[in-house]
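Participant:
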Ligand code: URA
Ligand code: SF4
């Protein structure tokens with residue numbers, strides 16, 4: 092094994108675990124195999140026990156999926172870390188990747204306006220983040236395995252914020268959070284749950300930039316969310 096590979100395995104704490112197993116399991120291994128299940132569980136467990144500082148550092152250093160290769164910066168999340176409202180988008184785009192902040196491009200401006208309509212303001216009373224924290228190449232959708240690798244970060248963010256209500260923006264956020272393949276159209280207008288927290292689904296602002304007439308539906312969804320919140324407080 093090369094020194095470089097040894098260093099990487101050490102950094103990932105896969106040594107000496109892998110060296111001893113490799114001999115007994117397969118003598119033809121030439122590639123670094125997938126981490127064993129207990130290492131995967133350890134990573135998840137570590138993330139789920141992190142405080143804000145450690146969580147942010149883990150994301151900044153994360154190489155758990157291939158989205159780490161092309162990113163400029165990780166995009167962790169922004170806003171009030173004790174907010175009652177939490178918004179989940181899909182993935183950073185070009186401007187977010189450059190700035191390290193979610194929803195700062197054209198879709199973000201529309202999102203800010205949408206939120207302002209129900210008295211929510213970035214940095215003040217809502218927390219905003221995404222399903223994945225690194226930009227997918229060419230702004231493609233994150234694939235299920237990338238979303239799965241990134242899921243413990245989002246779960247921990249939600250556990251730390253403890254919002255009263257979650258808004259899932261668009262198909263990718265809704266389908267990943269609700270573990271479903273249903274369409275946005277069929278998920279709207281119902282109070283769902285994620286980790287026991289009420290969750291409302293609406294269209295993604297980038298979609299609204301293309302299909303303007305559906306803005307009325309988003310307004311309906313935001314009023315539905317606001318009413319749900321009012322009945323909780
Ligand atoms: N679209 C998203 O889903 N998230 C962002 O942060 C930016 C655009
Ligand atoms: Fe890690 Fe998430 Fe970035 Fe993948 S997308 S490298 S899991 S932070």
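Residue numbers (our numbering): 92 to 324.
Idealized CB from N, CA, C, for every residue including glycine.
1. Looking at the secondary structure, which residues open and close the alpha helix (DSSP H) in which residue 128 lies?
2. Among all residues, which have a Cβ less than 6 Å from at least one non-hydrogen atom of ligand 2, and in what chain order do they fall?
3. To the nearest angstrom, report how far apart residue 156 and residue 242 are at their CA atoms.
4. For residue 225, count neighbouring C-beta atoms within 10 Å of its own C-beta (all shown protein chains included) and say buried if the count is 16 or more, exposed if not.
5. Assuming residue 201 and residue 300 make a contact with CB atoms under 8 Å, what is their CB distance in whole Å?
6. Using DSSP's beta-bridge definition, name the partner residues of residue 218.
7. From this set, 262, 268, 232, 289, which residue's C-alpha is nearest residue 253's C-alpha?
8. Give the DSSP bridge partners of residue 285, in chain order.
9. Quick check on the contact list: which residues have their beta carbon closer than 7 Å to a heavy atom of ligand 1?
10. Helix, strand or coil for residue 293, going by three-state DSSP, please let me know.
11. For residue 319, which residues from the same chain have a beta carbon less than 8 Å from its beta carbon, with the 5 sequence-adjacent residues on both sides left out?
12. Apart from the five residues just before and just after residue 263, which ones in its own chain have a Cβ nearer than 7 Å to its Cβ?
13. With C-beta atoms as the reference, is residue 220 less than 9 Å away from residue 195?
14. For the beta strand (DSSP E) that contains residue 259, what are its first and last residues?
15. So if DSSP puts residue 213 in a beta bridge, which residue, or which two residues, is it bridged to?
16. With C-beta atoms as the reference, is residue 166 less than 9 Å away from residue 191?
17. Does residue 302 pass the burial test, meaning 16 or more other C-beta atoms within 10 Å, or should it be called exposed?
18. From residue 127 to residue 135, what does the alpha carbon distance come to, in whole angstroms?
19. Taking Cβ to Cβ, would you say residue 293 is nearer than 9 Å to residue 259?
20. Cα separation between residue 306 and residue 297?
21. Nearest to residue 209 by alpha carbon, out of 323, 316, 322, 272?
22. Quick one: Cα of residue 151 to Cα of residue 308, how far?
23. Within 10 Å of its beta-carbon, does residue 235 have 16 or more other beta-carbons around it, so buried, or fewer, so exposed?
Facilitator: So, from the listed chains and residues:
1. First-last of the alpha helix (DSSP H) with residue 128: 128-139.
2. Having a Cβ closer than 6 Å to some heavy atom of ligand 2 are 150, 153, 154, 155, 156, 158, 159, 165, 223, 224, 225, 237, 240, 241.
3. So the two alpha carbons sit approximately 12 Å from each other.
4. Result: buried.
5. Contact between residue 201 and residue 300 holds, with the beta-carbon distance rounding to 6 Å and staying under 8 Å.
6. 170, 177.
7. Residue 289 is the option with its Cα nearest to residue 253.
8. Answer by DSSP bridge pairing, in chain order: 288.
9. Sorted by position in the chain, 166, 180, 181, 182, 183, 184, 187, 193, 194, 196, 198, 199, 221, 260, 261, 295, 297 make up the residues whose C-beta lies under 7 Å from a heavy atom of ligand 1.
10. The three-state reading of DSSP puts residue 293 in strand, counting E and B together.
11. Around residue 319: 256, 282, 289, 291.
12. The answer, listed in chain order, is 181, 222, 232, 233.
13. Not a contact, by the Cβ cut-off of 9 Å.
14. Run containing residue 259: 256-260, per the beta strand (DSSP E) assignment.
15. Partner residues in the beta bridge of residue 213, as assigned by DSSP, are 217.
16. The beta carbons of residue 166 and residue 191 sit closer together than 9 Å.
17. Classification for residue 302: exposed.
18. Each residue's alpha carbon lies about 13 Å from the other.
19. Going by C-beta atoms, residue 293 is nearer than 9 Å to residue 259.
20. Residue 306 and residue 297: Cα-Cα distance of roughly 11 Å.
21. Looking only at 323, 316, 322, 272, the smallest Cα-Cα distance to residue 209 is reached by 316.
22. So the alpha carbons of these two residues sit roughly 36 Å apart.
23. A residue is called buried once 16 or more other Cβ atoms fall within 10 Å of its Cβ, and residue 235, having fewer, is exposed.
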